[in-house]
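Residue numbers (the working numbering): 2 to 61.
We treat Cβ as the ideally placed atom computed from N, Cα and C, and that holds for glycine.
If you're wondering where the values come from, they're calculated on a predicted model, not measured in any experiment.
Structure record follows, encoded as structure tokens.
Dropping the structure here:
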């Protein structure tokens, strides 16, 4: 790419890199959300350690 004619080449590269990083963050967010939901279900389970210790909890 000729920077004389297209001075924003590095901007385009940076945008592509940011898009890739955003995709990775979205995947990480989805995994963390799933894990959080799993843990909330375990904690809210009547047989779970928190429920046995403190009774039923309402987790949103």
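Where residue i and residue j are concerned, what is the direct C-alpha to C-alpha distance, given to the nearest angstrom?
| i | j | result |
| --- | --- | --- |
| residue 36 | residue 24 | 18 angstroms |
| residue 12 | residue 45 | 48 angstroms |
| residue 43 | residue 28 | 23 angstroms |
| residue 32 | residue 10 | 34 angstroms |
| residue 22 | residue 34 | 18 angstroms |
| residue 20 | residue 30 | 15 angstroms |
| residue 38 | residue 26 | 18 angstroms |
| residue 18 | residue 40 | 33 angstroms |
What did DSSP end up calling residue i once you bin it into helix, strand or coil?
| i | result |
| --- | --- |
| residue 61 | In this predicted model, residue 61 has a pLDDT of only 46, less than 50, meaning its place in the structure is not dependable; the value taken from the coordinates is given anyway. Reduced to three states, the DSSP call for residue 61 is coil. |
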